[in-house]
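Protein chains: 2
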Amino acid sequence: MAEPSGAARDSEAVSRFVEHFAAQLVEAGLPRMPARVFAALLASDTGVLTSAELGERLRISPAAVSGAVRYLAQQHMVSREREPGSRRERYRVHGDQWYEALTNREAVIRRWEDALRQGVTSLGENTPAGRRLAETLAFFEFVEKEVEAMMGRWRVHRKERFG
Amino acid sequence: MAEPSGAARDSEAVSRFVEHFAAQLVEAGLPRMPARVFAALLASDTGVLTSAELGERLRISPAAVSGAVRYLAQQHMVSREREPGSRRERYRVHGDQWYEALTNREAVIRRWEDALRQGVTSLGENTPAGRRLAETLAFFEFVEKEVEAMMGRWRVHRKERFG
DNA sequence: CGCTTCCTTCAGAAGTTTGTGAAGTTAAGG
DNA sequence: CCTTAACTTCACAAACTTCTGAAGGAAGCG
Numbered sequence: 023m024a025e026p027s028g029a030a031r032d033s034e035a036v037s038r039f040v041e042h043f044a045a046q047l048v049e050a051g052l053p054r055m056p057a058r059v060f061a062a063l064l065a066s067d068t069g070v071l072t073s074a075e076l077g078e079r080l081r082i083s084p085a086a087v088s089g090a091v092r093y094l095a096q097q098h099m100v101s102r103e104r105e106p107g108s109r110r111e112r113y114r115v116h117g118d119q120w121y122e123a124l125t126n127r128e129a130v131i132r133r134w135e136d137a138l139r140q141g142v143t144s145l146g147e148n149t150p151a152g153r154r155l156a157e158t159l160a161f162f163e164f165v166e167k168e169v170e171a172m173m174g175r176w177r178v179h180r181k182e183r184f185g
Numbered sequence: 023m024a025e026p027s028g029a030a031r032d033s034e035a036v037s038r039f040v041e042h043f044a045a046q047l048v049e050a051g052l053p054r055m056p057a058r059v060f061a062a063l064l065a066s067d068t069g070v071l072t073s074a075e076l077g078e079r080l081r082i083s084p085a086a087v088s089g090a091v092r093y094l095a096q097q098h099m100v101s102r103e104r105e106p107g108s109r110r111e112r113y114r115v116h117g118d119q120w121y122e123a124l125t126n127r128e129a130v131i132r133r134w135e136d137a138l139r140q141g142v143t144s145l146g147e148n149t150p151a152g153r154r155l156a157e158t159l160a161f162f163e164f165v166e167k168e169v170e171a172m173m174g175r176w177r178v179h180r181k182e183r184f185g
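Sequence lines, in order, name chains U and B. According to the working numbering, the first sequence holds residues 23 to 185 in order. According to the working numbering, the second sequence holds residues 23 to 185 in order.
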């Protein structure tokens, strides 16, 4: 290596960031391994890592990588690509795609709305509780619309600032 | 009772809603007991229940109520009040206060931002990874501002529609 | 077509979280 | 000031998650 100590220092700095940021994500509700894998991808140069690289950097088994990646893919926080002509799979964090996923808790909100709607119906929309549920429902419907608009503004803002 | 079967049907309907809605909240990351307690409060007539009432409706021990309520109070999703001249504590879901708390993940976002800022610094703002982190950071800063504005619009909207 | 590489799935061990009963604390009421 | 009601805290038991090692596929390469 040309700069062994420099490289070592860097990879240690990366590791510190990875673990620290992952810890924050965990505190916000993300499972531990997905959080670590995600942070590792975020902190990688290209935003792409293979399963083996992830396992090595995080010191976890292939099985753990596999589970974490499946979780993240389901949440649309990473995408999986097959390197053509290789058995290696590559996992990518799409720079701008992942925080869209963050705000696209759409499926979750939909289910909340459904549950609330049923509640309003079954408790009666003129009962005090029914009215409370209806207001909550209205709030989510409002947020759903607003978030969509907000993401539009972000895309503009982003283009201006980052190209 | 004047309408035994009617009352029974109602409380069963309430219970069904409570458990169903709580399940959705759990799926979104809320711990089980806090979710159930919260749903029970939402579905109550006045939005206020005592510890004993919660324990009875949800069939859980006082200890479980205590733990759940502490959690919810920390998240500002309910507030606790002392009934004057009584040993009873009353827990209230504030109609409009709680979803403000939902969007006030402020503390969480702050910590994410801090971690990202450190990451940008320690990885170098001109490295590819540093730039990726910087963009993510910018996104959160953007969202933080936008959400504040959105909540302002909601309050207006809410007043128009619900008084 | 078989070998090799890489990933996934599965069963089980380890570790966490969660909820309870019991003891403890606070404060009203006599 | 003692009693009693209401909630909290603590230690432990039960339940659920999570991670690993081992076995099982798929897919390139010779």
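Just so you know, even glycine gets a beta-carbon here, dropped at the ideal spot from N, CA and C. Computed from a prediction, not measured in an experiment: that's the story for all the values here.
U/Val169 carries a helical assignment under DSSP once its states are collapsed to helix, strand and coil.
By the Cβ-count criterion, U/Val36 is buried, with 16 or more other Cβ atoms from all chains shown falling within 10 Å of its own Cβ. Under a 10 Å Cβ-count criterion, U/Gln46 is classified as buried, with 16 or more other Cβ atoms of the shown protein chains found around its own Cβ.
The alpha carbon of B/Leu94 has as its nearest neighbour, out of B/Trp120, B/Arg110, B/Gly69, B/Arg79, the alpha carbon of B/Trp120. The three-state reading of DSSP puts B/Glu111 in strand, counting E and B together. According to DSSP, residue pairing for B/Thr72 in a beta bridge involves B/Arg112.
When DSSP states are grouped into helix, strand and coil, B/Arg81 belongs to the coil group.
The Cβ atoms of B/Ala57 and B/Arg79 do not sit closer than 8 Å to each other. U/Leu80 does not reach chain B, its nearest Cβ partner there being about 16 Å away, counting only Cβ pairs nearer than 8 Å. B/Phe43 sits close to U/Ala137, with the two beta carbons spaced by under 8 Å. It is roughly 12 Å from the alpha-carbon of U/Pro84 to the alpha-carbon of U/Met55. For B/Ser101, the nearest beta carbon of chain U is not closer than 8 Å to its own beta carbon. Around B/Met55, no beta-carbon contact reaches into chain U at under 7 Å, the shortest distance being about 16 Å. Residue environment: B/Val165 is assigned as buried (16 or more neighbouring CB atoms within 10 Å of its CB, all protein chains considered).
Residue contact check for U/Gly117 against chain B: a CB pair falls below 8 Å.
Comparing C-alpha distances from U/Arg154 to each of B/Asp32, B/Gly69, B/Phe60, B/Val48 shows the shortest one belongs to B/Gly69. For U/Pro106, no Cβ of chain B is located within less than 8 Å of the residue's own Cβ. Of the residues B/Arg180, B/Met99, B/Leu159, B/Val100, the one whose Cα lies closest to the Cα of B/Arg132 is B/Leu159. Contact annotation for U/Pro150 against chain B: Ser66, Asp67, Thr68, Gly69 [CB-CB distance below 9 Å, chain order].
Sequence-distant partners of B/Arg110 (beyond 5 residues in either direction) whose C-beta falls short of 6 Å from its own C-beta, in its chain, are Thr72. In the displayed model, U/Arg102 falls within a strand according to three-state DSSP.
A Cβ-Cβ separation of about 11 Å leaves B/Val115 out of contact with B/Val91 under the 8 Å criterion. If the five residues before and after U/Phe39 are omitted, its C-beta is found closer than 8 Å to the C-beta atoms of Ala61, Ala65, all from its own chain and listed in chain order. In the DSSP assignment, U/Thr143 falls within the alpha helix (DSSP H) that extends over 128-145.
Here the C-alpha atom of B/Val100 lies approximately 7 Å from the C-alpha atom of B/Tyr113. When secondary structure is reduced to three states using DSSP, U/Gly51 falls in the coil class, being assigned neither helix nor strand. Inter-residue distance for U/Glu168 and B/Met172 is about 7 Å (C-alpha atoms, whole angstroms).
Around the beta-carbon of B/Gly107, fewer than 16 other beta-carbon atoms lie within 10 Å, marking it exposed. With respect to the C-alpha of U/Glu135, the residue from U/Thr143, U/Glu163, U/Asp118 having the closest C-alpha is U/Glu163.
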